[in-house]
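Working notes, beginning with the structure itself.
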Amino acid sequence: MQDKYLKVTIYDNDFTSTLEMVCETLYEIFQQEGKYPTEEDFPTLQMIIQHMWFAADMAQDLMRWGHLNSPTMKYFTPDYLKVASRDVTNIPLLEALAETKIPIILSTGMAGKKELDEALEVICKYHNEISILHCVSQYPTNPNNLNLNTIKYLKNNYPQYKIGFSDHTIGISAPIAAIAMGAEIIEKHVTIDRRMKGTDQAGSLGPDGVNRMIRDIRITEMSMGKEEIFIEPDVMSSKIKLERSIATNRNLKIGDIITENDIHLLSPGDGFKWSEKQSVIGRSEERRVG
């Protein structure tokens, strides 16, 4: 591919417009809050711009060199490479990424089974360290379109891969539910301010939202437990206090023979259960009750 085409694609269309959008939005935020950037804000703004330049350099190197073993990679080797939903059918890109042998995460927001299988076939020529994220590329995603049961489908049909969820809904309920359904990876877009322009701002989380999501994910993970039914030891005190045991429903004299009409159930639950009533019925009362 020629550099002229690359510069138009990467810089003019994608990077420059995105940088302009970020700068415009930051300016609007400062205006809305009635202030302008101070020296305290400069490190954050500089970090944002530096990260965007670095991402653009990697993209340019990838397209220019045809692989990621490029000059930029000398400074940074990612733990994972993420393939956006729109690029699941981008075979040249998939080959270039897979050639690095770096683990790959695939989002399926625009892919059916055919597209996913074709992408997996390309990557598996080089390695099989692949994660698949269920995703719906609607911004924000309507809950009626979310179909979280796809997570179960992916886990059943692609058990050799790690399965996760890329979320574009508003709020944090969907990723929490995804964890409960077996998702091992959660992707959620993060923004410094949801008032910023952009396709996915409405479905993104601010810093506080990220903290709440992580908190609830950890609680959900602790809550999953085992796939069986049993009595937790910590429940036993409540069980004894609140359950019911067999008790007499009338005054009984010594020598009375207990019948089913003489008994009912009352708390606490440390005596005979109704299923054990035959151990009580027919017995002679040995002491006065009532």
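Just so we're aligned, residue -16 is where the sequence shown starts under the working numbering, counting upward by one.
Note that CB positions come from ideal geometry on N, CA and C, so glycine has one too.
Only counting the same chain, and skipping five residues up and downstream in sequence, which positions put a Cβ closer than 8 angstroms to that of MET203? Strictly speaking, residue 203 in this sequence is Thr, with Met absent from that position. Only ILE159, ILE162 and ALA163 meet the Cβ criterion.
In this structure, how does DSSP classify ASP150 when only helix, strand and coil are distinguished? Strand.
Would a C-beta distance cut-off of 7 angstroms place LEU116 and GLY147 closer than the cut-off? Yes, Cβ-Cβ distance for LEU116 and GLY147 is below 7 angstroms.
How many angstroms separate the CA atom of LEU99 from the CA atom of ASP217? The C-alpha of LEU99 lies about 46 angstroms from the C-alpha of ASP217.
Taking 8 angstroms as the limit between beta carbons, can you name the residues of its chain near GLN143, skipping five residues before and five after? So the qualifying residues of the chain are ASN111.
Exposure label - THR242; buried when at least 16 CB within 10 Å: That one is exposed.
With distance defined between alpha-carbon atoms, name the residue in ILE229, MET196 and TYR109 nearest to ASP280. It is not possible to answer for residue 280, since the shown part of the chain is limited to -16 through 273.
VAL66 bridges to which residues according to DSSP? Bridge partners of VAL66: LEU89.
Out of curiosity, what's the CA-to-CA distance linking SER267 and ILE237? Using only the alpha carbons, I get a separation of about 8 angstroms.
Residue from LYS97, GLU82, ASP62 and THR83 with nearest C-alpha to VAL71: Among LYS97, GLU82, ASP62 and THR83, the Cα nearest to that of VAL71 is on LYS97.
CB contact below 7 angstroms: LYS145 versus chain C: Structure shown: chain C not included; a single protein chain is present.
Rounded C-alpha distance that separates ILE264 from LEU225: Their Cα atoms are separated by approximately 23 angstroms.
Report the rounded CA-to-CA distance for TRP48 versus ALA157, giving the unit in angstroms. Summary for TRP48: the model assigns pLDDT 47, below 50, so the residue's position carries little reliability; its value from the coordinates is reported in the next sentence. Distance between the alpha carbons of TRP48 and ALA157 is about 39 angstroms.
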